[in-house]
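For the sequence shown, this note's numbering gives the first residue as -18, with consecutive numbering after it.
The structure under discussion appears below in the form of C-alpha cells.
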Amino acid sequence: MAQQRFLPDNQITLPLKEIQGDILIGLQKKAQVFDFYTINDAAAFAQDLTTILNDVTFSDETKDREENRPAPFMSMNVAFSISGLKKVRSDTPSNGAIDPAFVEGAAARAGSLGDDVIDWLDAYKGSMDLVVLVTALDLASAQTQADAFANALRHSTTRVRRELGLVRSGAQAGHEHFGFADGVSQPGVKGLTLPGADPTQGWPGQDLVDPGDFIFGDYDRAAGGKATPPVSWMENGSYMVFRRLRQDVAGFDAWVQSNVGASKSTDADQLGAKLVGRWADGSPLVLSPAAADPNRDSSHPQTNNDFNFGEIGPDADPHQISCPFSAHIRKVYPRDDLANEASEQRRILRAGIPFGADGDFDKGLLFVCYQTSISDKFEFIQQNWADNSSFIFGKTTKQNTPIASPGLDPIIGQGGARNLDQTSDDTRPTKLNGVPAFVTTTGAGYFFSPSRSTLAAIARD
Ligand code: N7H
C-alpha cells in the first residue's frame, strides 16, 4: 500500500496504544499465520493469555514501523468470535445491544451473502472462539512464532485450523492472484491521517472517514459526537471479518482471453481491467481508459485515487464509457455514483493477504476487514451492492437508455445470474452472459478485536 502519512503525534486524537495494530494501520507483513482455536476452559485461558499479552501489537507500534520503515518483524493480534467472547466475558450481550451479524456468526449468515456452505472447509462450519494473527518476514518465522503462542495457549485451547498467508514475490509483488495490484485504495481516518491540500482528504481522493466507523467509542457520524460503545469494554475495539476466498486464476485467465471480442475490448488485459475497474498496475480505468498508465500505477498515491465515477469532475464516467458500472471497485466503493454520505458510511479498512502458491489449485485471498458494524458495512457491501445485479441504480447509456441490470460484481458477486451489461453506447450493445464465478468462499469468521485494557481484564479474570 502507498505509504501512509500521519498527523504529528500531538494532533493524533486516537488512543493508539489501546487499539490493536491490524485495525487502523495494518500489521506489517510478508507472511501471516491465522490460527483458529476453541477455548475449552475460560479460567485456564485467562492464565494462558497473561503469558502472551505483552506480545500483542498495538497501533502505536504499527505506526512507528510504518513511519520508520524497518523490515516488517513479528507482530501478533487476537480476536474473539461471539462464542469466544461469551466464554471470556460473562457480560457479553447476546442480542439487541450488539451487531446481529456478529451475534449470529459468519456460518449462520453465509446463505444471505450468497455463499454455498458446501464449499466451506469443515473447520469453518464448526465452533471457533478465537483467532491469533501472526505476521513476519517469511512463513517459517511466522509459523515458529505462531507455534510458540499455540504452546502458551495449550492448557486452555484446541487449535482447529491454521491458514498461511504469503504475499507474492518478484514481478507479482504487491499483486493478488489474478495479477492486480492490491492495497491501492484505503480510506483515511480523521484524527490519524495527515490531511492534504484538501482538508477532507489525505492523499488526493482519499476521503477522511470518521474513526467511529472502525473503532468503538470514537467520533461517529450517527452519534454526532463521541459514540457510546455497545458495552463499555468494547471501547477501542473493532469487528474483524475474515473470509477465505479461493480464486480460479486459470478460469479467469481463460475467460478474459476468450471474451475479448464479445466485450469489445482491445485485449484480455483491458477486459480484466473492466472487471476490476483498475489495470493490473493499479491505474484506474476512469483516468486511463485505453491503457495502463505508469504515472498512475499503485505507487502514485497523488493520482491513483483522485477520480470520481458519477457526474463530478472532468474524468467522471456517468455512462460507463471508461469503467463498467459492475466493475469491482465501482460496486464496492461507488464514490459519487451515490450521494457522498451513502458511499462513505460503508467504508471498511481492508487487511487481507494472498494464500497459496502460483501452481496450486487452492489459492486466493485471506480477506480481512475492520468496521464497527458488520451488518451495515461488510455485509451491506456484499449483499446490497456486489450481489445485487441492479446496483448501481438509475444509470443510462449515453443515449439515455436505462441500464436496469449492470450485473453482479464479476469478482466477488454471488447468488444470482452472472450477466454483465457493459453497454455505454446504444449502437454498440455489450452484454456478457453467464460469466463464471472466479471466486469461491471456502470459509469465514466474524470476530471482535478488543482493546489493550479489555484484553488485560480478560487475562486477569
Ligand atoms: Fe476487493 N481484485 O484483485 O480484483 N479489490 N477483492 N474486495 N476491494 C480491490 O484498491 C479483489 C473483496 C474492496 O476504494 C482492488 O486495493 C479480489 C471483498 C474495496 O476504490 C482489487 C477479491 C470486498 C476496495 C481487488 C476481493 C472487497 C477493493 C483494487 C477476492 C468486500 C477498495 C486495489 C478474492 C466486500 C475500492 C485496491 C476503492 C479493491 C480485488 C475481495 C472490497 C484489485 C480478487 C470480499 C472496498
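Backbone N, C-alpha and C define an ideal beta-carbon position, used for all residues, glycine too.
Own chain, CB closer than 6 Å to residue i, minus 5 neighbours either side, in chain order
i, result
"residue 17", "109, 112, 141, 142"
"residue 302", "405"
"residue 444", "Since the first residue of the chain shown is -18 and the last is 442, residue 444 is not available in this structure."
"residue 266", "254, 258, 303, 304"
"residue 309", "257, 258, 390, 392"
"residue 48", "none"
"residue 130", "33, 113"
Assumed close pair residue i, residue j - CB separation to whole angstroms, cut-off 8 Å
i, j, result
"residue 123", "residue 14", "5 Å"
"residue 176", "residue 186", "That belief does not hold up - the Cβ atoms of residue 176 and residue 186 are roughly 13 Å apart, past 8 Å."
"residue 114", "residue 57", "7 Å"
Which of helix, strand or coil DSSP assigns to residue i
i, result
"residue 193", "helix"
"residue -18", "The predicted position of residue -18 is uncertain, since its pLDDT is 48 and thus under 50; no value can be drawn from it."
"residue 322", "helix"
"residue 300", "coil"
"residue 396", "coil"
"residue 443", "This structure cannot settle anything about residue 443, because the visible part of the chain is limited to -18 through 442."
"residue 403", "coil"
"residue 412", "strand"
"residue 20", "strand"
"residue 213", "helix"
"residue 181", "coil"
"residue 306", "coil"
"residue 428", "strand"
Cα-Cα separation, residue i to residue j
i, j, result
"residue 82", "residue 247", "43 Å"
"residue 426", "residue 223", "5 Å"
"residue 353", "residue 328", "10 Å"
"residue 73", "residue 232", "44 Å"
"residue -1", "residue 435", "9 Å"
"residue 443", "residue 3", "Past the edges of the chain, shown from -18 to 442, lies residue 443, and the structure says nothing about it."
"residue 168", "residue 343", "30 Å"
"residue 384", "residue 119", "47 Å"
"residue 312", "residue 22", "44 Å"
"residue -18", "residue 86", "Residue placement at residue -18 is poorly supported in this model, since its pLDDT is 48, which falls under 50; the coordinates still yield a value, given next. Computed Cα separation, rounded: 30 Å."
"residue 212", "residue 78", "8 Å"
"residue 378", "residue 278", "29 Å"
"residue 53", "residue 106", "33 Å"
"residue 51", "residue 10", "11 Å"
"residue 220", "residue 348", "14 Å"
"residue 228", "residue 102", "15 Å"
"residue 282", "residue -16", "8 Å"
"residue 104", "residue 270", "43 Å"
"residue 263", "residue 70", "43 Å"
"residue 7", "residue 294", "32 Å"
Own chain, CB closer than 8 Å to residue i, minus 5 neighbours either side, in chain order
i, result
"residue -7", "-13, 172, 173"
7 Å Cβ shell around residue i - same chain, five flanking residues per side excluded
i, result
"residue 66", "73, 429"
"residue 218", "197, 429, 430, 431, 432, 435"
"residue -3", "39, 40, 41, 44"
"residue 19", "108, 109, 110, 138, 139, 141"
"residue 238", "249"
"residue 411", "244, 245, 403, 404"
beta-carbon residue i near ligand 3 non-hydrogen atom, thresh 6 Å
i, result
"residue 427", "Annotation note on ligand 3: not contained in the displayed structure, which lists ligand 1 as its ligands."
Please confirm if the region 20 to 32 is in contact with the region 423 to 442, defined as three or more CB-CB distances below 8 Å between the two stretches.
yes
Does the region 401 to 421 touch the region 310 to 330, meaning 3 or more C-beta pairs lie closer than 8 Å?
no
Sufficient close CB pairs (3 or more, under 8 Å) joining the region 336 to 347 to the region 355 to 363:
no
Are there three or more Cβ pairs, one per stretch, closer than 8 Å when the region 88 to 104 is compared with the region 406 to 425?
yes
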